[in-house]
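Okay, structure first, notes after.
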Amino acid sequence: MKEQVFEAIQKSGENGIRLRDIGAYCHYWHCKCLDWVSELLNEGRIYGKTIGTGVEAYIKYYVK
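Everything in the sequence shown is counted per the working numbering, starting at 3 for the first residue and increasing by one.
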């Protein structure tokens, strides 16, 4: 499943992808996908960028 999450991020290209969209791509609850996103972050395969501020902020993920 982690590779499917990585594939979703990779396919998003330079636009990045939100966690909810990763969940939709994988047909899995997006909160559970966070486990695999965290692993990919720790491995250094992806990085996250915060978009916006306050309660409207969200994170987009990109392949390094």
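Glycine included, every Cβ here is placed at the ideal spot set by N, Cα and C. Please read these numbers as outputs of a predicted model, since none were measured by experiment.
Taking C-beta atoms as the reference points, Y60 and G18 fail to come closer than 8 angstroms. Its chain contains V65 as the residues whose beta carbon lies nearer than 8 angstroms to that of Q12, once the 5 sequence neighbours on both sides are disregarded; these appear in chain order.
Under the three-state reduction of DSSP output, R47 falls in the coil class, being neither helix nor strand. DSSP places K66 outside both helix and strand once states are collapsed to three, so it counts as coil.
M3 is positioned such that its CB atom lies closer than 8 angstroms to that of W38.
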